[in-house]
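S.K.: These protein sequence lines are chains D and L, in that order.
Numbering-wise, the numbering used here puts 2 at position 2 of the first sequence, and it's gapless, one number per residue.
Position in the second sequence (first residue = 1) + 1000 = the numbering used here.
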Amino acid sequence: MQKSIITTLIATAIFSAAPTFAADKTNIMIMDAWVRAAPPSAKVQAAFFNVMNHNNKPIVITNVEAQGFGRSELHLSGKKDGMMTMQKQQQVTIPANTIFQFKPGGYHVMLLEPSKIAAPDEVVKVSFTLLNGEKISVKMPVKRDNSKTKMDHSKMDHSKMDHANMKHN
Amino acid sequence: MKKSKVIIAAGIIGLSALGAMVANHIQQPSLPTFTTAYAQPQQVTLPDVVLGNNQQYTSTLFKDKWSLVFFGYASCPDVCPTELYNLNNVASIMTEAGKTMPQVVFISVDPQRDSNEMLTTYAQFYNDKFVGITGDTSEIDKLVASFGVIYQKTFLANNGQYVSVPYSSPIPEAQRESYLINHSSRLYLVNPEGQYVAAFAPPHSAKKIAEDLLKL
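Printed below as a string of structure tokens:
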């Protein structure tokens, strides 16, 4: 019974922005999950999502696996010595009662050794292992853009107005 | 008497300043005042290097059109795709405004793993007009030096620490396929004469980049 509810939740999540997973032990939700579409000739992909920790203590993600990829790693992009760098994280700690973002330019799951690069509209099943040994799985749709980029699109309309002014230059 | 000398001196200084301004203006006839791009104090004439399968000279690649140049590598999961998606958004803004989008040239600094064929399909996935290209490290290094780009190979050593080395340095056998590359992530503007004239520093906003490009 419990399982079918969870399955329904997962199914709903694929078609809406509803929580992708709700576990009954650790109160954790992974929302707005997506795998960024990449060229078929790419060698890696990245997954992004928000983690909601409703607990009064931190949650530690220690491992990640993804269906269709030989290897998956927790990564953090950043700047060092004037260069963009990326470093594998042994674990990622989600502080108590927070929403933690895995987003472009910051934390992300790096998906390596693909059997085939996941195409738009496909779904990648990503499983996380927590420090207490619990595992949670999330089905992540593959998209070229996430909703935030769509918001950028609306900004483009504003920019058009700016551009009209700039023509005087 | 003394006063007149001062006036003459001031005149000379004034004239030379005017001369410098005129010279500067002649040197950069087509460069508008940018909002976010950092204009180079002087255009940097790029070395003519050979890239791509057809051994194309960069003087030909950059000739007669504006170009936006970004250095990266195809095994880069976050920064490079973010940049290329962003540049596609810039292209949309330019198209909507009825302006010509500069040619986007994605140059891989990782010829050991990236071929020109795969870079072509890689770049075109983001926008079918984007150019993806690489060349011998000796050629790429001449080009990166002119832009002030730095890059290095980095890999996880047995002790769990990242080790960064120059790109051509030997690295452990087990890391030959899985190394990462630290790289500068500025976006460079090259004029139709093939000169590097300005740079956009990250983080890159499509809207802000387009604002400056629309002034060209």
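Glycine included, every Cβ here is placed at the ideal spot set by N, Cα and C.
Being a predicted model, the structure only gives us computed values, none of them experimental.
1) Count Cβ pairs between the segment 1048-1061 of chain L and the segment 1175-1184 of chain L that sit closer than 8 Å; are there 3 or more?
2) If you measure from the beta carbon of F1200/L to each beta carbon in chain D, is any gap under 8 Å?
3) What residue does the beta strand (DSSP E) around E73/D start on, and which one ends it?
4) With burial defined as no fewer than 16 other Cβ atoms inside 10 Å of the residue's Cβ, what is the status of A1145/L: buried or exposed?
5) Give the residues of chain L in contact with D32/D, contact being defined as C-beta atoms less than 8 Å apart.
6) In terms of DSSP beta bridges, what is F48/D paired with?
7) For P141/D, which three-state DSSP category applies?
8) Rounded to the nearest angstrom, what separates K1207/L and N1086/L at their Cα positions?
9) Excluding the five sequence neighbours on either side, which residues of its own chain have a C-beta within less than 8 Å of the C-beta of E1211/L, listed in chain order?
10) Give me, in chain order, the residues of the same chain whose beta-carbon lies closer than 6 Å to that of S16/D; leave out the 5 immediate sequence neighbours on both sides.
11) Taking F69/D as the reference, give the member of N56/D, I61/D and K43/D with the closest Cα.
12) Looking at C-alpha atoms only, which residue of E1117/L, C1080/L and K1065/L is the closest neighbour of H1183/L?
13) For the putative contact between L112/D and E65/D, defined by C-beta atoms under 8 Å, what is the C-beta separation to the nearest angstrom?
14) In the DSSP assignment, the beta strand (DSSP E) including K88/D goes from what residue to what residue?
15) Could you compute how far the alpha carbon of L1187/L sits from the alpha carbon of F1071/L?
16) Using the three-state DSSP reduction, which class does P1167/L fall into: helix, strand or coil?
17) For chain D, is any of its Cβ atoms less than 8 Å away from the one on T1121/L?
18) How many angstroms separate the CA atom of C1076/L from the CA atom of Y1122/L?
19) Which residue comes first and which comes last in the beta strand (DSSP E) that contains P114/D?
20) So, at 6 Å on beta carbons, what are the nonlocal neighbours of M86/D in its own chain, with the 5 sequence-adjacent residues on each side left out?
21) Can you tell me which of the three DSSP states V1090/L falls into?
22) According to DSSP, is I1140/L part of a helix, a strand, or is it coil?
23) Taking the alpha helix (DSSP H) that L1187/L falls in, what are its first and last residues?
24) Is the beta carbon of E1117/L less than 8 Å from the beta carbon of H1204/L?
25) Does any residue of chain D bring its CB to less than 8 Å from the CB of L1187/L?
26) Checking the sheet assignment: what are the DSSP bridge partners for N1182/L?
27) Among Y1196/L, Y1151/L, K1215/L and L1189/L, which has the Cα closest to the Cα of L1046/L?
28) Excluding the five sequence neighbours on either side, which residues of its own chain have a C-beta within less than 6 Å of the C-beta of A23/D, listed in chain order?
29) So the beta strand (DSSP E) F1070/L belongs to, where does it begin and stop?
30) Taking the alpha carbon of R1113/L as the point to measure from, which residue in F1200/L, Y1179/L and A1039/L has its own alpha carbon closest?
31) For the pair the segment 1125-1141 of chain L and the segment 1098-1112 of chain L, tell me if three or more CB-CB distances fall below 8 Å.
32) Do M110/D and W34/D have their CB atoms nearer than 8 Å?
33) List, in order along the chain, the chain D residues whose C-beta lies closer than 9 Å to that of T1154/L?
34) If I follow the unbroken alpha helix (DSSP H) through K1208/L, where does it start and stop?
35) Can you check which of these residues, K1063/L, I1150/L, D1078/L and F1125/L, is closest to M83/D by C-alpha distance?
36) Taking L1180/L as the query, report the chain D residues whose CB atoms sit under 7 Å from its CB, ordered along the chain.
M.R.: Let me lay it out:
1) no
2) no
3) F69 to K80
4) exposed
5) Chain L residues near D32/D: none, gap ~17 Å exceeds 8 Å.
6) W34/D
7) strand
8) 9 Å
9) T1035 and T1036
10) Because S16/D sits at a pLDDT of 43, beneath the cut-off of 50, its placement in the model cannot be relied upon, and the following sentence gives the value as read from the coordinates. Cβ within range, chain order: n/a, list empty.
11) K43/D
12) C1080/L
13) The pair is not a contact, with the Cβ atoms about 11 Å apart (cut-off 8 Å).
14) M83 to Q89
15) 8 Å
16) Note that residue 1167/L corresponds to Tyr in the displayed sequence, not to Pro. Y1167/L falls in the coil class under three-state DSSP.
17) yes
18) 12 Å
19) Y107 to P114
20) H75 and S77
21) helix
22) helix
23) Note, L1187/L: premise wrong, no alpha helix (DSSP H); beta strand (DSSP E) at L1187 to V1190.
24) no
25) no
26) Q1152/L
27) Y1196/L
28) Residue placement at A23/D is poorly supported in this model, since its pLDDT is 44, which falls under 50; the coordinates still yield a value, given next. Taken in chain order, the residues that qualify are I136.
29) S1067 to G1072
30) Y1179/L
31) yes
32) no
33) T85, M86 and Q87
34) A1206 to L1213
35) I1150/L
36) M86
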